[in-house]
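Here's the structure we're looking at; comments come further down.
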């Protein structure tokens, strides 16, 4: 073993939701194979002690990419170098850049999964009710998957006849989704996606976050799916002004 490759992980990396300290290749494949394209995790390499492996679900298979350590920096291709695994993940979330698929959402490690405390769930229900955004599941109709978010799948749907987008949860992500919903309460701007409301099912502890439906999807995918000839200069300028 090359001792120059041994490195202490930054605490942000070692505590990240996608970092699985001691997951075997066999167990990794078992967990990732059924997942949607772009679901990923990082584990310690079994074959190359000191290095790491980026594992990505794609078409019901799992691709494993060795993460080398070069002069204290992390790299999958020995061309793009990163100071941390977090930076590496951020890069491949923006662009597949040689991977089988762009990184979409992490397969959570066990330490990052939370079990709802009844008090937390009830406090959030009461808070959303006071804000007037707690909605009834009886009036929610779910449609097909239209995308994949940080917390789980994004579905089309209708609420009281209005077309909406519905964020759903991956196992263990309830806290994070409810925190995002709390942040969106009261945000009212024509350049921001509006929160319609939150559905919290008391029996099953399911959570759905309802937002306005954007016909063209998110801006990043919109730009990636169109060439320069299809997006006019004036349109790009408006995007930049809205962002700033």
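Numbering (my numbering), first residue to last: 47 to 290. Virtual Cβ for every residue (Gly too), placed ideally from N, Cα, C.
- Less than 9 Å divides the Cβ of residue 119 from the Cβ of residue 129.
- Closest option to residue 192, judged by alpha-carbon separation, among 113, 79, 78, 261: 261.
- With fewer than 16 other Cβ atoms inside 10 Å of its own Cβ, residue 106 counts as exposed.
- A residue is called buried once 16 or more other Cβ atoms fall within 10 Å of its Cβ, and residue 208, having fewer, is exposed.
- In its chain, beyond the 5 residues on either side, 90 have a beta carbon closer than 7 Å to the beta carbon of residue 68.
- When only Cα atoms are considered, residue 138 and residue 149 end up about 6 Å apart.
- In the DSSP assignment, the residues bridged to residue 103 are 108.
- Residue 202 sits away from residue 245, with the two beta carbons spaced by 9 Å or more.
- The beta carbon of residue 66 lies closer than 6 Å to those of 87, 89, 155 in the same chain, with the five residues before and after it left out.
- Nearest neighbour of residue 72 by Cα position, chosen from 126, 145, 93, 133, turns out to be 93.
- Going by DSSP, residue 135 is part of the alpha helix (DSSP H) stretching over 131 to 140.
- Here residue 146 is not near residue 194, since their CB atoms are 9 Å or more apart.
- For residue 78, the enclosing alpha helix (DSSP H) begins and ends at 71 to 78.
- Within its own chain, the residues whose Cβ lies closer than 6 Å to the Cβ of residue 230, once the five positions on either side in sequence are excluded, are 241, listed in chain order.
- Distance from the CA of residue 78 to the CA of residue 61, rounded to the nearest whole angstrom, comes to 20 Å.
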